[in-house]
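For reference, the structure discussed in these notes is given below.
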Amino acid sequence: MNAIAAVDENWAIGKDGRLLTHLRGDLKYYRSRTIGKVTVVGRKTLESFPGGKPLPDRVNIVMTRDPQYRREDCIVCRSVEEVLERVKEYRDEDVFIAGGAEVYRQFMEYCSVFYVTKIYDSFEGDRFFPDLDSMGLKVTWESSIREENGTAYRFLKYERV
Numbered sequence: 012m013n014a015i016a017a018v019d020e021n022w023a024i025g026k027d028g029r030l031l032t033h034l035r036g037d038l039k040y041y042r043s044r045t046i047g048k049v050t051v052v053g054r055k056t057l058e059s060f061p062g063g064k065p066l067p068d069r070v071n072i073v074m075t076r077d078p079q080y081r082r083e084d085c086i087v088c089r090s091v092e093e094v095l096e097r098v099k100e101y102r103d104e105d106v107f108i109a110g111g112a113e114v115y116r117q118f119m120e121y122c123s124v125f126y127v128t129k130i131y132d133s134f135e136g137d138r139f140f141p142d143l144d145s146m147g148l149k150v151t152w153e154s155s156i157r158e159e160n161g162t163a164y165r166f167l168k169y170e171r172v
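Remember, the working numbering sits 11 above the position in the sequence shown when you count from 1.
Spelled out as structure tokens, the structure:
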């Protein structure tokens, strides 16, 4: 199983239900990694997508604790165990945990590969991704540094050693 996130220098991923910054290159990277795959997101993350709708051309799974929550356009799960059961029919490399902070935290132990867009800036965030560097994960691939609208960033692939 994989996780995918864009983080700043302090591993912040968002503030007030929004991404920290808008980088077209990061959005393209996210799309290229997840298109045709399974994405698992929390309800608040799903509702932050354009129009509050699931992303197209993916199997969308949304997690929520709300027993009344229903959607016709995605699979609704209410626990980690339920998600794990639903994704059994897919290969591990085709499943992406895509946020928010609580969903990342709940699935950390199940993920072996982490696709991170590292933004070389510091933002005021209120949601954070686990600090993979302090957890001893290894960077097995990294892109060159890119710049967009004065913001430097690169793509990193972390794996458990």
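C-beta atoms are modelled at their ideal positions from N, C-alpha and C, and glycine is treated no differently.
- Three or more pairs of CB atoms, one per stretch, sit closer than 8 Å, so the segment 44-54 contacts the segment 95-108.
- DSSP, read as helix, strand or coil, puts K48 in coil.
- If you draw a 10 Å sphere on the C-beta of M74, you find 16 or more other C-beta atoms in it, and that means buried.
- In this structure the segment 60-71 does not touch the segment 113-130; the number of beta carbon pairs closer than 8 Å is below three.
- In this chain, the alpha helix (DSSP H) harbouring F118 covers 112-118.
- For the 7 Å CB-CB criterion, S133 and D19 form a contact.
- DSSP places E20 in the coil class of the three-state scheme, outside both helix and strand.
- The beta carbon of M12 is closer than 6 Å to those of D103, V106, Y121, C122 in its chain, skipping five residues each way along the sequence.
- Cα atoms of A112 and A17: separation of roughly 12 Å, rounded to the nearest angstrom.
- When beta bridges are read from the DSSP output, A14 appears opposite I108, F125.
- The beta-carbon separation of G147 and V172, rounded to 7 Å, stays under the 8 Å limit for a contact.
- In the structure shown, T75 adopts coil according to DSSP, grouped into three states.
- Boundaries for T162: no alpha helix (DSSP H) harbours it, while the beta strand (DSSP E) harbouring it runs 162-170, taken from the DSSP string.
- Inter-residue distance for L143 and R29 is about 22 Å (C-alpha atoms, whole angstroms).
- In the displayed model, K39 falls within a helix according to three-state DSSP.
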